[in-house]
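In the order they appear, the protein sequences are chains F and A. Under my numbering, the residues of the first sequence are numbered 1 to 333, in order. Under my numbering, the residues of the second sequence are numbered 1 to 163, in order.
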Amino acid sequence: MMLPATLRLRMAAAACSLLVLYTADTARAAGVPAGTLIENTATVTYELSGTPISIDTNTTTITVAERIDVVVTRQSPQVLVQPGETDRVILFRVTNTGNGDEAFTLAIDSNVAGSDFNPVPAATSIYFDTDASGDLSPGDVAYQPGDNDPELPPDASVDVLLVNDIPTGPANGDIGRTELTAASTTGTGAPGTNLPTQGDDGVDAVIGTSGGIASEVGEYIVADVEISVSKSQLVSDPFGGSEPVPGATITYSITVEVTSAGTASNAFVRDPIPQYTTYSAETIELNGSPLTDAVDSDAGEFDTSGDPAVVVRLGDLSQADGPQVVEFRVTID
Amino acid sequence: MSDLIKKGTVTLFAAALLLASASVVAQQLDVRTVVQKEERVRAESGEIDTRLVPADTVLPGEKVVYTITFTNVGGETAGDVVVSNPIDSSLTYVDGSAFGAGMSVEFSVDGGQSYATADDLVIAEGTVSRPAEPEDYTHIRWTLDGELEAGATGVARFSATVD
């Protein structure tokens, strides 16, 4: 009898743990909207021969000019690629951090200094992540410069995908970079540059600290690490035999091994407990050493946050580490 | 009938007189507001100076300075002189900036219904209260400690940043 068991092993390349925090739209992060009129009238009261009198001053009016600012952030971690792959995607976010409605032109550059190899922009290399999947999907709209430049209100953002092909040359661990640039269509330049009447509602526009233009680099890393994973089981029934009957114990053994050059970073084993079986408490072992069920400082746990599963973290794994053996037991219900 | 008409005329006349005297009284104090902003200029020595220039347009984050001037242009001494100024919702008061020679300064956090000194203002949040912050202020009030004699001028001033 084969019990259903799945094994998932995830790996990520080294130095991929960059976490991009996005500041959600907070009220007026960009400041008072361009075109706002700020009026002020003071009132003076006084008494003259016992008679109270109140008078208002003149009203002053100041106009809030438009500050042009933009930020580009990378939303994808370092993307693992294989040589020769096509249409590999890195996700970026363009945010209007100015205080007026602003349109931005987008541009891709895949010849970024410091790269080990240059990715090759696809025929259509800039898409909007229209369906918010974070990846290139059939519903995503292609960007056409000057035709559908994204127009963003203050604090609003749009997610943008850069699409590159990976050349066949690069070796394991090589990094290729691609850069997204967003530039205000109203103007760019030195911070403080005044653009009279170019702002919303004809107010003055002023270039902000970003210069009205922002760029961010995303990275592809060639990671052709090969990993072999095998799983075996040993059944022992309550009668001294090996029949998978109710009450029998199954000992699972999962072996993970890197079989090529390179390092699989943050590798871990996650093995759901099969249907019709119950996990036997405190039976997880890694290379013969017991690990507690609790979520604590050791490398493994019995994870009951979703479907029950055994989780063991193997860390950064290379060929030199040799085979890693995870064992645990279940009983058949 | 003719008596009634006469009475009505007299009453109207009296009302006109009152209006006339009120407008005369109102001119006793000449009041005005000016708004400026700080501009940084590099002096020939290389030092950066700030000076106040008229504020027509501003950017978020810029500081503006309001100056309210009141002059007693009449012949009588004016008493109980109080200047009040709302803080626009697009502005945040700069802590400690309100000033006026011979005047005490108070703030309101309830749209000008009540005033207290900065240290005494609290914001009630449910069952607890916290000290008020400059961003809570809705109004500023300056009270002249003495009287404003004929020909005298007073100045009230505060700064705010554009949100």
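We put the beta carbon where it would ideally sit given N, CA and C, even for glycine. Fair warning: this is a prediction, and the values are worked out from it, not measured in the lab.
DSSP places P134 (chain A) in the helix class (H, G or I) of the three-state scheme. Sequence-distant Cβ neighbours of G146 (chain A) in its own chain, meaning closer than 7 Å and more than five residues away, are G102. Taken atom to atom, the span from the alpha-carbon of V64 (chain F) to that of V203 (chain F) is near 8 Å.
Taking a Cβ-Cβ threshold of 7 Å, the residues of chain A close to A65 (chain F) are T57, V58, L59, in chain order. Nearest to D135 (chain F) by C-alpha distance, out of F:P52, F:I213, F:L91, is F:L91.
A straight-line Cα-Cα distance of about 55 Å links L148 (chain A) and S184 (chain F).
Distance from the CA atom of Y143 (chain F) to the CA atom of N194 (chain F), rounded to whole angstroms, is 29 Å. Residue-level contact by beta carbon holds for F70 (chain A) and chain F, with a gap shorter than 7 Å. Sequence-distant partners of V163 (chain F) (beyond 5 residues in either direction) whose C-beta falls short of 8 Å from its own C-beta, in its chain, are D87, R88, V89, P121, A122, T124, S125, I126, Y127, L136. Measuring C-alpha to C-alpha distances from L52 (chain A) to each of A:Y115, A:E44, A:E38 identifies A:E38 as the nearest. Here the stretch 61–78 of chain F lies against the stretch 92–103 of chain F, with 3 or more beta-carbon pairs under 8 Å apart. Looking at the backbone, the Cα of V310 (chain F) and that of A223 (chain F) are separated by about 27 Å.
Within chain F, the residues whose beta carbon sits less than 8 Å from that of R32 (chain A) are T57, N58, listed in sequence order. For A42 (chain F) against T57 (chain F), the beta-carbon gap comes to about 5 Å, under 8 Å, which counts as contact.
With a cutoff of 7 Å on beta-carbon distance, R270 (chain F) and E219 (chain F) are scored as not near each other. The residue from F:N172, F:A190, F:V225 with its alpha-carbon nearest to that of S260 (chain F) is F:V225. The DSSP-derived three-state label of A118 (chain A) is helix. In this structure, DSSP gives Q319 (chain F) a helical state, which the three-state scheme calls helix.
Beyond the five residues adjoining it in sequence on each side, T71 (chain A) comes within less than 6 Å, by CB distance, of D30, T153 in the same chain, given in chain order. By the Cβ criterion, the stretch 127–146 of chain A is in contact with the stretch 99–117 of chain A, since at least three pairs of Cβ atoms, one from each stretch, lie closer than 8 Å. Per DSSP, the beta bridge partners of I55 (chain F) are F:V44. When C-alpha distances from T197 (chain F) are compared across F:T292, F:T186, F:A190, the shortest belongs to F:T186. Remark: C-beta atoms of V162 (chain A) and E62 (chain A) approach each other more closely than 7 Å. Looking at the DSSP output, N194 (chain F) shares a beta bridge with F:V206. Non-local beta-carbon contacts of G212 (chain F) in its own chain, meaning distances under 8 Å to residues more than five positions away in sequence, involve I68, D69, V70, A183, S184, T186, G187, T188, G189 in chain order.
In this structure the stretch 318–329 of chain F lies against the stretch 281–289 of chain F, because at least three pairs of beta carbons, one per stretch, are closer than 8 Å. Only residues of its own chain outside the window of five on either side were considered, and among them E179 have a CB closer than 6 Å to the CB of D109 (chain F), listed in chain order.
Under the three-state reduction of DSSP output, D293 (chain F) falls in the coil class, being neither helix nor strand.
When DSSP reads this structure, G187 (chain F) sits in no beta bridge, so it has no partner.
Residues of chain F whose Cβ lies closer than 8 Å to the Cβ of A78 (chain A) are, in chain order, Y46, E47, L48.
DSSP links T181 (chain F) through a beta bridge to F:A107, F:S215.
Each of A:G75, A:V34, A:T67 was checked against the Cα of Q28 (chain A), and the nearest Cα belongs to A:G75.
For D237 (chain F), the closest of F:I332, F:E47, F:G315 by C-alpha to C-alpha distance is F:I332.
In this structure, T251 (chain F) places its C-beta atom within 7 Å of the C-beta atom of L234 (chain F). Judged by their CB atoms, D116 (chain F) and I175 (chain F) are nearer to each other than the 7 Å cut-off. The DSSP-derived three-state label of D69 (chain F) is coil.
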